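K.L.:
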Amino acid sequence: MNDKVKIVFTVPESDADRLRQAVGDLGAGKIGNYSHCSFSAKGIGRFSPETGANPAVGHIGKAEEVIEERIEITCSANNFKTVVELIRLNHPYEEPVIDVYPLVAI
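Residues 0 to 105 in numbering that gives the first Met the number 0 are what the sequence shown spells out, letter by letter.
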């Protein structure tokens, strides 16, 4: 096993640079002598806010599409909870999509 995880999250394109910088400043994305390392791919996020939601984008009962970036960043296993919490606190969405994967040393 490795002592690193990969954190993957999606965020509206307009917020991507700010969040990428914030997680890098917290130590995620450190690879050897490089900091703030990440990978991004653009796509379209789709969702329909339901009754009880407080959407940052869109309206209850109406399907929405948002241009988003999928950001992938490595992080030490003992720091990932702090990084995930930072993403949640700084993400514009009420329910951000955040995935964490353990990495295997090769």
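Here a beta-carbon is modelled for each residue, glycine too, at the ideal position from N, C-alpha and C.
Predicted model, so just to flag it, every value in this text is computed and none were measured.
Does the segment 19–28 come within contact of the segment 51–60, defined as at least 3 CB pairs closer than 8 Å?
P.N.:
no
K.L.:
In whole angstroms, what separates the C-alpha of residue 19 from that of residue 32?
P.N.:
If you take the alpha carbons of residue 19 and residue 32, they lie about 18 Å apart.
K.L.:
Can you tell me where the beta strand (DSSP E) with residue 40 in it begins and where it stops?
P.N.:
38–46
K.L.:
Are the CB atoms of residue 3 and residue 62 nearer to each other than 8 Å?
P.N.:
no
K.L.:
Using 8 Å for Cβ pairs, my map puts residue 47 next to residue 72. What's the rounded Cβ distance?
P.N.:
At roughly 29 Å, the Cβ-Cβ gap does not stay under 8 Å, so residue 47 and residue 72 are not in contact.
K.L.:
By the 10 Å Cβ neighbour count, where 16 or more other Cβ atoms means buried, how is residue 93 classified, buried or exposed?
P.N.:
exposed
K.L.:
Within its chain, find whatever has a CB closer than 8 Å to the CB of residue 58; leave out the 5 residues flanking it on each side and keep chain order.
P.N.:
48
K.L.:
Does DSSP classify residue 13 as helix, strand or coil?
P.N.:
Residue 13: helix per DSSP, three-state reduction.
K.L.:
Please list, in chain order, all residues of the same chain as residue 41 whose beta carbon is under 6 Å from its beta carbon, the five residues on each side excluded.
P.N.:
68
K.L.:
Take residue 15 as the anchor and find which of 100, 66, 99, 83 has the nearest alpha-carbon.
P.N.:
66
K.L.:
So, at 8 Å on beta carbons, what are the nonlocal neighbours of residue 95 in its own chain, with the 5 sequence-adjacent residues on each side left out?
P.N.:
8, 9, 10, 86, 87
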